[in-house]
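Undergrad: Provided herewith is a single structure, encoded as structure tokens, for subsequent inquiry.
There are 2 protein chains.
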Amino acid sequence: MTDSTRASARGAGKRRRLAAAAAAVLHRQGAERTTIADIAAAADVPVGNVYYYFKTKDELVQAALAEHAGNLAELTGELGKLPDPLRRLKALVEAWVAQRDVAARYGCPTGTLAVELDKRAEGGLDLEAGRVIRLLLDWVEHQFRDLGLPDPEDLALTFVGAYQGMSLLANALRDPEIMTRQGARLTRWLDSLDGGGTGARPAP
Amino acid sequence: MTDSTRASARGAGKRRRLAAAAAAVLHRQGAERTTIADIAAAADVPVGNVYYYFKTKDELVQAALAEHAGNLAELTGELGKLPDPLRRLKALVEAWVAQRDVAARYGCPTGTLAVELDKRAEGGLDLEAGRVIRLLLDWVEHQFRDLGLPDPEDLALTFVGAYQGMSLLANALRDPEIMTRQGARLTRWLDSLDGGGTGARPAP
DNA sequence: GTCTATACTAGGATAGAC
DNA sequence: GTCTATCCTAGTATAGAC
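Just so you know, the protein sequences line up as chains A and B, in that order.
Under full-length UniProt numbering, the letters of the first sequence match residues 1 to 204, in that order.
Under full-length UniProt numbering, the letters of the second sequence match residues 1 to 204, in that order.
So this is what it looks like as structure tokens:
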């Protein structure tokens, strides 16, 4: 290994630390209230050095979104090991409910970022969070399709919409129990869809 | 009428214009990206004069929230004229769907503000948006209670959560049709609750 | 009560030494 | 590849003339 590859390896390490720190800090403080210095401190990287890895703050936001997309891919990868699509969706609800305290305090990482970036048209990042949400929607839609249910796209919107809605309410009211109770409702809804046979159940 | 009361009347007019402008501009640009100058321009009031009516930017945000609360009270007041609670809720869904283009572009005014204010702990406004959402929740819960359905509080959370979720998705994906389709689902859900008789329908 | 000019600060970004 | 010092802009808020 040459000096330069070792340097690159160290550099890549810092880059990754900065991306992970960006994801975490942006979630807690929001995109606008977070300064480069905040992210640098969280990643234990000197402030001035950040610009070597990310030329602008927007690039850091982009990196945070990639981080969220990666986390999502990891989660759906795990869930994909379950044989039954219905069990996969139920396990996803369980994962959401398990995060109830974080959701009540800071909301859904991607959802809140989507709201903030929408108001930030300049950088052209206003649609990027939507892309990450789209990844989740597509995966969920695939599960509903595998279950043989009609309108899998609408079902996915209902399902993910319910998650975003309960996260926002839990956050706005600072009440993690909202995640628990609405999560239980979502699970019962999934059961009713599968048990219903015809799939004609009119639930939202 | 004395000079001072006339002056007060003019003053109150400007104050009201500023509050209304704050509500509108904060919705479009977000709390962080909006400057005092933006609000002043929208209200057609000279920048420096703003501070006579609102000592800080936070007070303007507070005024915008009061504006949203007022709009909500007006809407529920109208809906209250309908004799049947079920019709009231359906009419509320219709009102939401009618705003689909605004929702797809800027999200729910109160919901997006709740997300932003959550990250803005300093001013102590972080829970204020939640209070406005609570007003809506209480009204909706009341309708479900009048329908004689069990767990009206949870039903209200599901109903309002569905609205917040569909607004966020419509906004993140810039697709007003999401409001239309999910609104139709919500309406069918309401019908199923009422028609179900037992109210044991497991929908989320 | 209305408006102008300006003080002050935070924070993004860059130059350039090492 | 790492870090310091600094420039520069934007935006809140105030002082004070009218």
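C-beta: ideal position from N, C-alpha, C; glycine also.
Keep in mind it's a predicted model, so treat the numbers as computed, not measured.
Quick one: which chain A residues come within Cβ less than 8 Å of B:Ala42?
TA: Result: empty, since nearest Cβ-Cβ is about 15 Å, beyond 8 Å.
Undergrad: Strictly under 8 Å for the Cβ-Cβ distance: is A:Arg87 near chain B by that measure?
TA: Answer no: the Cβ-Cβ gap between A:Arg87 and chain B never drops below 8 Å.
Undergrad: Just list the alpha helix (DSSP H) runs in the region 87 to 124 of chain A, keeping only unbroken ones of 4 residues or longer that don't cross its boundaries, in chain order.
TA: With a minimum length of 4 residues, the continuous alpha helix (DSSP H) runs that stay inside the region 87 to 124 of chain A are 100 to 106 and 109 to 118.
Undergrad: Output yes if chain B places a C-beta closer than 8 Å to the C-beta of A:Ala114; else output no.
TA: Closer than 8 Å: yes.
Undergrad: How is A:Arg15 classed by DSSP in three states: helix, strand or coil?
TA: Note: A:Arg15 maps to helix in three-state DSSP.
Undergrad: Alpha carbon to alpha carbon, how far is A:Arg33 from B:Ala162? Give it in angstroms, no decimals.
TA: Between B:Ala162 and A:Arg33, the C-alpha separation is close to 28 Å.
Undergrad: Who are the near neighbours of B:Leu117 in its chain, counting only those whose CB is closer than 6 Å to its CB and skipping five residues on each side?
TA: Excluding residues within five positions, the ones whose Cβ falls inside 6 Å are Leu125, Asp126 and Ala129.
Undergrad: DSSP three-state label for A:Val132, please.
TA: It is helical.
Undergrad: Start and end of the alpha helix (DSSP H) containing B:Asp151?
TA: Careful: B:Asp151 lies outside any alpha helix (DSSP H) and carries neither H nor E.
Undergrad: So, with DSSP's three-state summary, where would you put A:Arg174?
TA: If DSSP states are grouped into helix, strand and coil, A:Arg174 belongs with coil.
Undergrad: The alpha helix (DSSP H) with A:Val50 in it runs from where to where?
TA: Here the alpha helix (DSSP H) through A:Val50 covers Val50 to Tyr53.
Undergrad: DSSP on B:Glu32, reduced to helix/strand/coil?
TA: Three-state result, B:Glu32: coil.
Undergrad: By the criterion of Cβ-Cβ separation under 8 Å, what are the contact partners of B:Asp58 in chain A?
TA: The premise fails here: B:Asp58 is roughly 14 Å from chain A at the closest Cβ pair, so nothing lies under 8 Å.
Undergrad: Counting only beta-carbon atoms, is A:Thr198 nearer than 8 Å to chain B?
TA: The predicted model places A:Thr198 with a pLDDT of 48, which falls under 50 and marks its position as unreliable, so this point remains unresolved.
Undergrad: State buried or exposed for B:Pro83, treating a residue as buried only when at least 16 other CB atoms are found within 10 Å of its CB.
TA: Looking at its Cβ environment, which holds fewer than 16 other Cβ atoms inside 10 Å, B:Pro83 is exposed.
Undergrad: Can you name the residues of chain A whose CB is closer than 7 Å to the CB of B:Arg145?
TA: Within chain A, no residue comes near B:Arg145; the closest Cβ sits about 17 Å away, beyond 7 Å.
Undergrad: Report the rounded CA-to-CA distance for B:Ala22 versus A:Met179, giving the unit in angstroms.
TA: Each residue's alpha carbon lies about 32 Å from the other.
Undergrad: Could you give the residue range of the alpha helix (DSSP H) that holds B:Thr76?
TA: Note, B:Thr76: alpha helix (DSSP H), Lys57 to Leu79.
Undergrad: Would you please state the rounded distance, in angstroms, between the beta carbons of B:Val45 and B:Lys81? I believe it to be under 8 Å.
TA: Wrong, their Cβ atoms sit about 36 Å apart, outside the cutoff.
Undergrad: Using the Cα positions of B:His142 and B:Ala156, report the straight-line distance between them to the nearest angstrom.
TA: Roughly 9 Å separates the two Cα atoms.
Undergrad: Would you list, in chain order, the members of the region 25 to 50 of chain B that have their beta-carbon closer than 7 Å to a beta-carbon of chain A?
TA: Listed in sequence order: Gln29, Gly30, Glu32 and Arg33.
Undergrad: Relative to the C-alpha of B:Val140, which residue among B:Ala40, B:His27, B:Thr56 and B:Ala73 is closest?
TA: Among B:Ala40, B:His27, B:Thr56 and B:Ala73, the Cα nearest to that of B:Val140 belongs to B:Ala73.
Undergrad: Tell me which residues share the same chain as B:Leu136 and place their Cβ nearer than 7 Å to its Cβ, disregarding the 5 neighbours each side in the sequence.
TA: Only Leu72 and Val160 meet the Cβ criterion.
Undergrad: Who are the neighbours of B:Ala69 on chain A, taking C-beta pairs under 7 Å?
TA: Those do not exist, as B:Ala69 stays about 14 Å from chain A at its closest Cβ, beyond 7 Å.
Undergrad: Listing by chain order, which chain B residues have their CB less than 8 Å from the CB of A:Asp118?
TA: Chain B residues near A:Asp118: Gly30, Tyr106, Gly107, Thr112, Asn171 and Ala172.
Undergrad: For A:His27, which of A:Leu193, A:Val97, A:Leu113 and A:Gly195 has the nearest alpha-carbon?
TA: Comparing Cα-Cα distances from A:His27 to each of A:Leu193, A:Val97, A:Leu113 and A:Gly195, the minimum goes to A:Leu113.
Undergrad: Please name the residue, chosen from B:Leu173, B:Ala91 and B:Leu18, that lies closest to B:Tyr53 on a Cα-to-Cα basis.
TA: Residue B:Leu18 is the option with its Cα nearest to B:Tyr53.
Undergrad: If you check the beta carbons only, do B:His68 and B:Val115 fall under 8 Å apart?
TA: No, the Cβ-Cβ distance between B:His68 and B:Val115 is not below 8 Å.
Undergrad: How many angstroms separate the CA atom of A:Ser192 from the CA atom of B:Lys119?
TA: One C-alpha to the other measures close to 37 Å.
Undergrad: Under the three-state reduction of DSSP, which class applies to A:Leu168: helix, strand or coil?
TA: Note: A:Leu168 maps to helix in three-state DSSP.
Undergrad: Residues in the same chain with beta-carbon distance under 8 Å from A:Gly30, minus the five sequence neighbours each way, listed in chain order, please.
TA: The answer, listed in chain order, is Thr112 and Glu116.
Undergrad: Any Cβ of chain B within less than 8 Å of the Cβ of A:Ala129?
TA: True, the Cβ-Cβ gap to chain B drops below 8 Å.
Undergrad: Which residues, in chain order, does the region 151 to 168 of chain A contribute to contact with chain B at a C-beta distance below 8 Å?
TA: Residues Asp154, Leu157, Thr158, Val160, Gly161, Ala162, Tyr163, Gln164, Gly165, Met166 and Leu168.
Undergrad: Note down, in chain order, each residue of its chain lying with its Cβ closer than 6 Å to the Cβ of B:Val93, except the 5 sequence neighbours on either side.
TA: Contacts found: Gly183, Leu186 and Thr187.
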